[in-house]
Every structure is written in C-alpha cells, then in structure tokens.
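**Q** Residue numbering for the sequence shown follows numbering that gives the first Met the number 0, beginning at 0 and increasing consecutively.
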Amino acid sequence: MRCVLTLFFRGHRKRLKSVKMSDVIEEKIKNYRTAPFDARFPNTNQTRNCFQNYLDFHRCNKALSDKGQDVAPCDWYQRVYKSLCPLSWVAKWDDQIEAGSFPGKI
0 MRCVLTLFFR GHRKRLKSVK MSDVIEEKIK NYRTAPFDAR FPNTNQTRNC FQNYLDFHRC
60 NKALSDKGQD VAPCDWYQRV YKSLCPLSWV AKWDDQIEAG SFPGKI
C-alpha cells in the first residue's frame, strides 16, 4: 500500500511524495521507545492493555498470514505487549495457545 500526497495549484497537479506504508511502519518501529498512552486504558493498572495488545498481535498475525501478506505491521503490537506484560504471563499464554486452552479469542 502506498500513501501519496498530491497537491493542486491553479490547475497544476504536483505529486510531493510517494511513500510505501511499510516504510512508514518501519520508521515508527525504529523510533519506538515504550508503550504509548492508550485512551482505552487510562488507569495505572495496565493489565488489560497488556492482554489486549497480546491478542491484537496474534489476531493481526493470523489475519495477515491467512491472506498471504507480510506480517511486519503486527510487530508494533508485539513490541507494546512485550513492553507491558511480564515475561511469565507471555510464556504461560504461549503455552496455552500451543495446548489449545488459551482463554482469549484469536
């Protein structure tokens, strides 16, 4: 997917920049520091935020894999949940997914 910025000046059309969406995502990932504020989770306890980003990563991964597309856009969710979630939780959830007993809908 490409994002193109086109401006019109008195009947003249000028294309300023054509950027691949994956380039934009890669730039965001490169500059990523920690999980950003999410208005859905305004409280100090970030447990739900952690779990939601874990689910979103696996849902994104599954959806794009099923379509045969690149799963690179899903890396953002993985970085966020790895920033928020304790390693023991992630290991437990990964084991549950492999065993088919994970409580979340992926």
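For glycine and all other residues, C-beta sits at the position ideal for the given N, C-alpha and C.
Helix, strand or coil, according to DSSP, for S87 in the structure here?
**A** Taking the first residue of the sequence shown as position 1, residue 87 is located at position 88. It is helical.
**Q** For the alpha helix (DSSP H) that C59 lies in, which residues bound it at each end?
**A** Sequence index remark: in the sequence shown, residue 59 carries index 60 (1-based). In the DSSP annotation of this structure, the continuous segment of the alpha helix (DSSP H) that includes C59 starts and ends at T46 to D65.
**Q** Contact between the segment 46–57 and the segment 83–91 is defined here as three or more beta-carbon pairs at a separation below 8 Å; is this criterion met?
**A** yes
**Q** Within its chain, find whatever has a CB closer than 7 Å to the CB of T33; leave out the 5 residues flanking it on each side and keep chain order.
**A** Here residue 33 is taken as the residue at index 34 of the sequence shown, counted from 1. S82.
**Q** For my contact list, V71 and I24 are in at a C-beta cut-off of 8 Å; report their separation, rounded to the angstrom.
**A** Taking the first residue of the sequence shown as 1, we reach residue 71 at position 72. Taking the first residue of the sequence shown as 1, we reach residue 24 at position 25. First, the amino acid is wrong: residue 71 is Ala here, not Val. 7 Å between Cβ atoms; contact.
**Q** Determine, using beta carbons only, whether N48 and F56 come nearer to each other than 8 Å.
**A** One-based indexing of the sequence shown puts residue 48 at position 49. One-based indexing of the sequence shown puts residue 56 at position 57. Not in contact: N48 and F56 (Cβ atoms no closer than 8 Å).
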